[in-house]
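The numbers in the working numbering rise by one with no breaks, and the one at position 123 of the sequence shown is 123. The beta-carbon is built from N, C-alpha and C at its ideal position, and this holds for glycine as well.
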Amino acid sequence: MKICIKELNGGADNQECIKEIVELWNKNAIETAECELDESDRKAIQEQIEQFIQSKYGVVFVAINENQQTIGYGIASMKQDLVSDMLYGQVDEVYVAPEYRRKKVAKNLATDLMDWFNQKDISLIHVYVDLENELALEFWEKMGLDREFFILSNN
């Protein structure tokens, strides 16, 4: 099994990859929130992905299998801290189709995201993880990140 990780850029050939990312995003929504994306959600996500690709402050990596299908993605962005005025990195999404998990695909996506931050001279990186998602928490800790904050919500 040969998996290739590539960065999406402003080219017109990205449309098929973007559609496949939206489908994977929908699988993730079903898997984690037990809800399917409606058409307006899909359109909004597609637009958001296009913005990440076009922005110098965002990046989208895709994992492609031997059949040229998108089987995973990683999305990250640079943000500006309002207090210190410093740029920091945020991993916004990493998802791998269930049948490709435990094959280092997520690790390769995350490594490419971290390398992208390093190229931008970003050393502080945040990832938001659901407290109940122990697998993701362990994954990011293995990638060198530490549990730092808890965000409390009223819902």
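In the three-state scheme derived from DSSP, where H, G and I count as helix and E and B as strand, Glu93 is classed as strand. Between the beta-carbon of Ile71 and that of Ala97 there is about 5 Å, and that keeps the pair under the 8 Å contact cut. If you draw a 10 Å sphere on the C-beta of Asp92, you find 16 or more other C-beta atoms in it, and that means buried. The Cβ-Cβ distance between Ile53 and Gly89 does not fall below 8 Å. In this structure, the alpha-carbon of Gln69 lies about 8 Å from that of Glu20. Scanning its chain for C-beta atoms nearer than 8 Å, with the 5 sequence neighbours on each side dropped, one finds around Glu36 the residues Asn26, Ala29 and Ile30, in chain order. Going by DSSP, Cys4 is part of the beta strand (DSSP E) stretching over Cys4 to Glu7. The criterion of a C-beta distance shorter than 8 Å is satisfied by Gly74 and Leu109.
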